[in-house]
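Chemist:
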Amino acid sequence: MRIFGKGRHRPSASWRQATDRAFTLIGDGRYEDAGALLTRAADLEPWLSESWFNLALLHKFRHDWEQARAAGLRAVALLDREAGAPDWWNVGIAATALQDWPLARRAWQAYGLRVPGGAAVSGEPMGMDLGSAAVRLSPEGEAEVVWGRRLDPARVEVLSIPLPSSGRRWGEVVLHDGVPHGERTTAAGHAYPVFDEIELWAPSPVPTWVVLLEAATEDDRDALEQLAADAGFAAEDWSSSVRLLCRMCSESRMPSDEGDGEHLDPHDHSEPGHPGPLGHRTDGQLWVPERECGLAAPAALVRGLLDGWVADSPDSRDWRDLEEVC
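So for the sequence shown, our numbering puts the first residue at 220; every next one is plus one.
#1: Does the segment 227–246 touch the segment 254–261, meaning 3 or more C-beta pairs lie closer than 8 Å?
#2: For a test of the three-state rule: what should DSSP assign to A454, helix, strand or coil?
#3: Let me know if L483 comes out buried or exposed under the rule of 16 or more other beta-carbons within 10 Å of its beta-carbon.
#4: Out of curiosity, what's the CA-to-CA distance linking Y330 and S341?
#5: Are V377 and E391 closer than 7 Å when you measure CB to CB?
#6: For A362, which residues in the same chain have their Cβ closer than 6 Å to its Cβ, ignoring the five residues on either side in sequence?
#7: For W428, which residues does DSSP report across the bridge?
#8: I'd like to know whether the C-beta atoms of S351 and Y411 end up nearer to each other than 7 Å.
#9: What's the C-alpha gap between I318 and E418?
#10: By how many angstroms is the C-alpha of F272 removed from the C-alpha of L297?
#11: Would you call W327 buried or exposed, if buried means 16 or more other Cβ atoms sit within 10 Å of its Cβ?
#12: Let's see if you can read the secondary structure: which residues bound the alpha helix (DSSP H) around L277?
#13: Would you kindly report the start and end of the unbroken alpha helix (DSSP H) that includes W389?
#14: Give me the Cβ distance between V544 and T427, rounded to the nearest whole Å; I'm assuming they're in contact under 8 Å.
#15: Can you give me the C-alpha to C-alpha distance between H488 and A442, rounded to a whole angstrom?
#16: Per DSSP, what kind of secondary structure is T405 in: helix, strand or coil?
#17: Tell me, to the nearest whole angstrom, how far the beta carbon of G527 is from that of L394; I am working on the premise that it is less than 8 Å.
#18: Taking the beta carbon of L505 as the centre, do at least 16 other beta carbons fall within 10 Å, making it buried, or is it exposed?
#19: Could you give the residue range of the alpha helix (DSSP H) that holds I245?
#20: Let's see if you can read the secondary structure: which residues bound the beta strand (DSSP E) around W307?
#21: W284 by DSSP, collapsed to three states: which one?
#22: Where do the ends of the beta strand (DSSP E) carrying A421 lie?
#23: DSSP puts R369 in a beta bridge; with which residues?
#24: Just checking my contact of V430 with L274 at CB under 8 Å: how many whole Å lie between their CB atoms?
#25: Out of D396, G451, P533, state which residue places its alpha-carbon closest to the alpha-carbon of W307.
#26: Given a cut-off of 7 Å, decide if A314 and A304 are closer than it, judged by their beta-carbon atoms.
#27: Express the C-alpha separation of E264 and R387 in angstroms, rounding to a whole number.
#28: Given H282, which residues of its chain have a CB within under 8 Å of its CB, disregarding the five upstream and five downstream residues?
#29: R536 and D439: beta carbons closer than 7 Å?
#30: Under 7 Å, do L276 and P230 count as touching if we go by C-beta distance?
#31: Taking C-beta to C-beta, are D456 and R539 nearer than 7 Å?
#32: Tell me which residues share the same chain as E444 and place their Cβ nearer than 6 Å to its Cβ, disregarding the 5 neighbours each side in the sequence.
#33: If you draw a straight line from the C-alpha of K279 to the C-alpha of N309, how long is it?
#34: Which partner residues of R355 appear in the DSSP bridge assignment?
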């Protein structure tokens, strides 16, 4: 993460020394000490865009968005190229965090992305059609990778139901970093980047529930997921959608499918009988009727959803132990 002169000027030895030491301190979480060194480096070489790029990075790590925006703008003012510089991406993240939409639009365009409506539109960038992505919630804590819809280059709307340990909910919007750490692949061969969450951008009012289901078949389970989706909310079978990965596996290229029920996932470090692994068997069966399910729905609706699901096929469905967990 040591960034030296991209332009025609070579930074001084003192600048390089201060910058190297600062990023070592950042790696140790010593942001205050790193900030003093990077400020000194900027004083030594104020004409160098990297001086301000590095300060913008530090302020991003600290979630100090006003300072990140200010340093980022000084960095891009000193660039020797018009488009494609990562300096603009940092400006875009800071502007998005601050809801400074004209600057966010300008930053994404300067980076080289097409933004419908251009920089003249005052509202948030819409219709960029960036597709789906995975986002790693709480990357420095009990990290969890979930699926979401990219709203723009710096935000994802969470469409999975996160586990309660993440502190996140279905439907929340998280601000994420620009450099992916890992990929998730599908059976069709598509690869999706995994971005690290920076912070919660917009909370969701919809609580998360956990419930134990008795679902005789996969079709019974699928019926609840469809019923919740039709109501505008979500249900997710955590018994088959959750697996425990080590950090190395999580940050690499990993398949995202749910396994075949016969072969254990070699990357899954969870215990059989608990949420995950994806390719699980119990007593030689390919399907285990008892399922731990996450539900995202309002309190006034959740029991009605479950009762309606059971009423459609009472001989093959039941539920118990409903609990709000997030």
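Glycine included, C-beta positions come from ideal geometry on N, C-alpha and C.
Modeler: Here's the rundown:
#1: yes
#2: strand
#3: Note that L483 scores 46 on pLDDT, short of 50, meaning its location in the model is unreliable and no value can be drawn from it.
#4: 19 Å
#5: yes
#6: R355
#7: DSSP, once it has assigned bridges, lists L514, E543 as partnering W428.
#8: Their beta carbons are under 7 Å apart, which means S351 touches Y411 by this criterion.
#9: Residue identity check: residue 318 is Gln in the sequence provided, not Ile. Taking the Cα positions, Q318 is about 14 Å away from E418.
#10: 10 Å
#11: buried
#12: 268–280
#13: No alpha helix (DSSP H) contains W389, which DSSP labels as neither H nor E.
#14: 5 Å
#15: Note on H488: pLDDT 48, under 50, position unreliable in the model; no value is reported.
#16: It is coil, neither helix nor strand.
#17: Not really, about 36 Å apart at Cβ, beyond 8 Å.
#18: exposed
#19: From DSSP, the alpha helix (DSSP H) with I245 extends over 232–246.
#20: Here W307 belongs to no beta strand (DSSP E); instead the alpha helix (DSSP H) covers 305–316.
#21: helix
#22: 410–421
#23: V375
#24: So it is not a contact: roughly 48 Å between Cβ atoms.
#25: D396
#26: No, these two residues do not count as a Cβ contact at 7 Å.
#27: 42 Å
#28: A316, I417, E418
#29: yes
#30: No, the Cβ-Cβ distance between L276 and P230 is not below 7 Å.
#31: no
#32: A454
#33: 8 Å
#34: V364, D415
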